[in-house]
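From first to last, the protein sequence lines stand for chains A and B.
Taking the working numbering, I'd label the letters of the first sequence as residues 34 to 468.
Taking the working numbering, I'd label the letters of the second sequence as residues 34 to 468.
C-beta atoms are modelled at their ideal positions from N, C-alpha and C, and glycine is treated no differently.
Since the structure comes first, as structure tokens, the remarks are kept for the end.
There are 2 protein chains.
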Amino acid sequence: MNLRESLLAARAAARRLALLSGPERSALLSDFAAGLSQPENQRTVLAANAEDMARAREEEAAGRLSSALVKRLSLDAKKIATTVDGISQLARMPELVGRTLTHRILDHGLILKRVSSPLGVLGVVFEARPDALVQITSLAWKSGNAVALKGGREAAASNRALAALAQQVLAKHDIDPRAIVLLEDRAEVESLLGMDDLVEMIIARGSSPFIRHVRGHSRIPVMAHADGICHVYLHASADADMAARILVDAKCSYPAACNAVETLLWDAGAGAALDACVKALSEQKVELRGCAETCKRHPQMKAASEADWDTEYGDLVLSIRQVPGIAEALAHIEEHGSSHTDAIVAQDAEAAGRFLAEVDSACVFHNASTRFSDGYRFGLGAEVGISTDKLHARGPVGVEGLCTYRWLLHGRGQCTTDYSPEGRHYIHKDLPSDG
Amino acid sequence: MNLRESLLAARAAARRLALLSGPERSALLSDFAAGLSQPENQRTVLAANAEDMARAREEEAAGRLSSALVKRLSLDAKKIATTVDGISQLARMPELVGRTLTHRILDHGLILKRVSSPLGVLGVVFEARPDALVQITSLAWKSGNAVALKGGREAAASNRALAALAQQVLAKHDIDPRAIVLLEDRAEVESLLGMDDLVEMIIARGSSPFIRHVRGHSRIPVMAHADGICHVYLHASADADMAARILVDAKCSYPAACNAVETLLWDAGAGAALDACVKALSEQKVELRGCAETCKRHPQMKAASEADWDTEYGDLVLSIRQVPGIAEALAHIEEHGSSHTDAIVAQDAEAAGRFLAEVDSACVFHNASTRFSDGYRFGLGAEVGISTDKLHARGPVGVEGLCTYRWLLHGRGQCTTDYSPEGRHYIHKDLPSDG
């Protein structure tokens, strides 16, 4: 396949996707959900996944793949059902393309609207997780965009089967199936990065070095879903029970997730809360690594090294550091955090207010687990990733983050030279918008 | 000066700017306006500008600078008064930092807010226009950001005087004056492009080759203010008088502006409207260049070459092309436009609706001059530029485009594992936000 030709076709198909009515778009998504629910299609997809899994298990046995990766790679009827449920939810969500974001009277008969619009063609590079292909595709359709997709190579057969299914659904709706372009290898990703005339945004999920490579080799704007070095800070006013519950959820409910906590900071006055956390986490077999002050209080604890403060374990390991107060907690998070998700546990409203005002991360929480940082939990329907960038979209990215906007102006022949201190004046009155 | 150290200081100062209260921020802006209004300060600024102008006039005489550039470079009491007025307007505008953009109940006692937040340090490269330094600085303050500024070299003395004045205002408010870093040469711009750990966004105003260079040499996200190849399309239903008035405004009121029209497309059925435009534009001494069909109707007209359709004249020149209908007009705009601003003149609502739905440009107008594409006219207070990018901000960019957001979650100790099909359910109910 010639990538440039495919992307040109994708661009044309994107225009069709952009102009679908709300009901047409919902029908497209519902048909995708229905297609994935069909037993025959499921057999095809699961057979492809079995191929991928057989290869992956060999690599795992040879020590070349982690068991966490193999777990994410595997598909089964239950995972597919969850995915189908997600598509159906998106189908039912209100139409977001064409929504009026600003509605302003500039003058009598001169009405300005800012309306949400699709971007065009998105390039998405993601890990070996076949269900991610389905989520990304359905978010792209809901936002009226075409996609060029490159999943982890371990999922190649599963991705081909799922993309083929999605393309059948497009064809049934008289949309060019090349609205989905499946990239097969790294060389195609490199070519994609050079096509800034055809691709509007790259969504890069993966390691920091990979994302630096993408940013350094493309003029296309990049939205990165990168490291999650998340912190929980126990203020002196923290409730000990609450702290322990939040820490267990934040560390143990899914340690490989980017929104899992990696470092616990505790105020010198929060010793009781620390003790409760250490007890609860130890019961969950979490390996704890403490600073000198922490180890003084818990002498059985392993000592942390400087590198621990900058490490995303993605595993049942947690580093723990004592800080003299909130200022030092803020400074630690600024120095070592990845601007993903950070939380304070505190009964003191003033301390919580300061933490929420000053931590410059995508998500900043008070008395809640870092694992709430998630598109579904935030009510976005689904997410294409959790952006650690500040521009365009930040934190969990749903349909809105895949849209841009256009300014539409309706007039009656007005000219700018009609307006001046001596002539006509602008009214600039806002009317209610959709959101 | 060591640029990295200056930017580190700017970053620290940005945190102070971010945490200013609304009244403190307004006072800062008002003091900047007051400072610029003071006769002694004006004399200093005008003397610096006279230095720049003397050099520029020599270069103009030698044919190395255009008279349009020299005109933009010059400052006088009237231009300063307009600039002061702009700052005062920004000071009076509602506080935009910390605005609640989303307000959602996830569950009882689990409240999610998305609040607007400053970006941090912005890098802005702009043309030789000293009033732009003032506008950009005041927009940065209103949005709580620090700035590294590099203006056109012809304005070096003016920019130094204006930046010094702004820094005095910062110092008076106990903010590190290094919240403004003035770059002196191109080498410093190149260094800036490499500091993706300190600079959150580059705003690049200038030529396409310059912007390609910036995008190709930086991992920092770039917001470009580039070419404006704007179109007006006369539909068969166009009112001839209105068409002529709009064309004269769009071409003649400021031909060097990026929102000036460069190409007129006319439907075969819009001959009378074309004739009215040709007559009115000829009276304004606009050089017209027509396609074969246009020249057949107006035999005195100069013939356009293929290159004309891709040219931003920035001058009293207009290319004119006949198109068989709206589909071909849309295709021409997609092929030759720069996604800046395009307008249709039509009495037919259906044609206008199709044009507004399908033209993928930042600004799409119906029966209004392309020159309305402007931050002040749109009611944004001022603009840092007109973005021709699709990501983050599009079209005229005011304070909102210089902000990002953070997700703040207030809980009572909730954990994600409390929620499941069998356990607690999310409510996901939206409350009114600040808009």
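Check	Outcome
Determine the burial state of Q168 of chain A: buried for a count of at least 16 other Cβ atoms within 10 Å of its Cβ, exposed for fewer.	buried
Starting from the beta carbon of G249 of chain A, find every residue of chain B whose beta carbon is closer than 7 Å, and list them in chain order.	R252
Would A81 of chain A pass as a contact of A194 of chain A if the rule is Cβ separation under 8 Å?	yes
I want to verify the contact list: residues of chain B whose CB lies under 9 Å from the CB of V469 of chain A, in sequence order.	Since the first residue shown for chain A is 34 and the last is 468, residue 469 of chain A is missing from the structure and cannot be characterised.
So the candidates are B:D467, B:S63, B:P127 and B:E57; which of them puts its Cα closest to the Cα of S121 of chain B?	B:S63
Using DSSP's beta-bridge definition, name the partner residues of Q122 of chain B.	Bridge partners of Q122 of chain B: none, in fact.
Which residues mark the beginning and the end of the alpha helix (DSSP H) in which G304 of chain B is found?	G304 to E316
Using C-beta distances below 7 Å, list every residue in its chain close to G131 of chain A, excluding the 5 sequence neighbours before and after it, in chain order.	V148 and S149
Relative to the C-alpha of V350 of chain B, which candidate in B:G408, B:K335 and B:L50 has its C-alpha closest?	B:K335
Does the pairing of the region 335-344 of chain A with the region 279-293 of chain A give three or more beta-carbon distances under 8 Å?	no
Thinking just about the alpha-carbon of each residue, which of B:E320, B:G347 and B:D348 is nearest to the one in A337 of chain B?	B:E320
Count the other C-beta atoms from every protein chain shown that fall within 10 angstroms of the C-beta of N400 of chain A, then say buried if there are 16 or more, exposed otherwise.	buried
Return yes when the Cβ of L389 of chain A is within less than 8 Å of the Cβ of V378 of chain A, no when it is not.	no
My guess is that K183 of chain A and V158 of chain A are in contact by the Cβ rule of under 8 Å, so how many angstroms apart are they, rounded?	5 Å
Report the partner residues of F398 of chain B according to the DSSP bridge assignment.	A:L442 and B:A376
Check whether the region 298-310 of chain A touches the region 243-255 of chain A, counting contact only when three or more Cβ pairs, one atom from each stretch, lie closer than 8 Å.	no
Taking just the CA atoms, how far does E368 of chain B sit from R49 of chain A?	17 Å
Taking the DSSP output, what are the residues bridged to Q447 of chain B?	A:A401
Are L106 of chain A and D140 of chain A close, meaning C-beta to C-beta below 8 Å?	no
Can you check the region 203-280 of chain A for any beta strand (DSSP E) of at least 3 residues that lies completely inside it and give the ranges in chain order?	213-215, 234-238, 255-258 and 263-267
With 16 other CB atoms within 10 Å as the buried threshold, where does K175 of chain B fall?	buried
Just the Cα atoms here: how many angstroms apart are E433 of chain A and R125 of chain B?	30 Å
Give me the Cβ distance between A46 of chain A and D209 of chain A, rounded to the nearest whole Å; I'm assuming they're in contact under 8 Å.	4 Å
Give the straight-line distance between the Cα atoms of W440 of chain B and R439 of chain A, rounded to the nearest whole angstrom.	25 Å
Would you mind telling me which residues of chain A sit closer than 7 Å to K112 of chain B, beta carbon to beta carbon, in chain order?	Neighbours of K112 of chain B on chain A: none; closest Cβ ~15 Å, over 7 Å.
Can you check whether the CB of L172 of chain A is closer than 8 Å to the CB of L435 of chain A?	yes
Can the beta-carbon of A179 of chain B be found closer than 8 Å to that of L225 of chain B?	no
Taking DSSP as the reference, what is the three-state secondary structure of Q288 of chain B?	Before going on, a small fix: residue 288 of chain B reads as Pro here, not Gln. Here P288 of chain B sits in coil by DSSP.
Check the Cβ of I377 of chain B against every Cβ in chain A and list those closer than 9 Å, keeping chain order.	Per Cβ cutoff of 9 Å: no residues; I377 of chain B is ~11 Å from chain A at best.
Return the chain-ordered ranges of every alpha helix (DSSP H) run that is complete within the region 62-120 of chain A and spans a minimum of 4 residues.	72-94 and 100-106
Just reading off the beta strand (DSSP E) that A420 of chain A is part of, what are its end residues?	The sequence given here places Ser at residue 420 of chain A; Ala does not occur at that position. Its beta strand (DSSP E) spans residues G418 to S420.
For C324 of chain A and G347 of chain A, I'd like the C-alpha separation in whole angstroms.	20 Å
Can you tell me which of the three DSSP states G474 of chain A falls into?	The displayed coordinates of chain A run from 34 to 468. Any statement about residue 474 of chain A would go beyond what the structure contains.
Taking 8 Å as the cut-off, does the region 97-106 of chain B touch the region 416-431 of chain B (at least 3 CB pairs, one atom from each stretch)?	no
If you draw a straight line from the alpha carbon of A51 of chain A to that of P151 of chain A, how long is it in whole angstroms?	6 Å
According to DSSP, is A426 of chain A part of a helix, a strand, or is it coil?	coil
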